[in-house]
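A short write-up of the structure that comes next.
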Amino acid sequence: MAWIYLVLAGLSEIVWAFGLKEAHGFSRLGWSLLTVAFLIVSFYLFARAMRKIPIGTAYAVFTGIGAAGTAIIGMLFLNESTGIWKIVSLAVLIFGIIGLKLVDSGAKSDEKAGDA
C-alpha cells in the first residue's frame, strides 16, 4: 500500500505544480485553491508512504515522478520545447524510478529470506 501512496503523492505533485503555474502567483483563486489542496494531499500521501519506504528511496521516487510528469505535461500542454535529449533524459529518469522500486522490493525479499 505504501507504494500506491507514493505514486499517488507523485501524481498529486504534478497537479499542484501545474496548478502553481496556472495560479499566476496565486492571483487566480480557483487555481490557487486547487494548488494548495493538492499540495496538502501530496505531502500527506508522501508522509504515509515513508512509514514503510526508506526516506532516500521515497524522496527520489516522489520527486522523480513529479519532475518527469511535470516536464511531460509542460511539453504536451504548455508548448514547452521537446527535443531528443530531453526525451532521452526523461526516459532515464523514469527508468531510474522503476529501478528504485525494483531494488527496494528486492531488498525486502532479501531481508525476509535472512529472517528465515
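Going by our numbering, the first residue of the sequence shown is number 1, and it counts up by one from there.
Yeah, the Cβ is synthetic: ideal placement off N, Cα and C, and Gly gets one too.
This one's a predicted model, so the numbers in the text were calculated from it and none came from an experiment.
In this structure, T35 places its C-beta atom within 7 angstroms of the C-beta atom of L20. Shown here, K101 sits in a helix according to DSSP, grouped into three states. Excluding the 5 residues flanking it on each side, T82 has same chain C-beta neighbours closer than 7 angstroms at M75, in chain order. Annotation: I53 is outside any alpha helix (DSSP H) and is labelled neither H nor E by DSSP.
The beta carbons of E13 and G66 sit closer together than 7 angstroms. Rounded to the nearest angstrom, the Cβ distance from W16 to S42 is 6 angstroms, consistent with a contact under 8 angstroms.
Per the coordinates, the alpha-carbon of I87 lies some 30 angstroms from the alpha-carbon of M1.
Here the alpha carbons of V92 and Y5 stand approximately 23 angstroms from one another.
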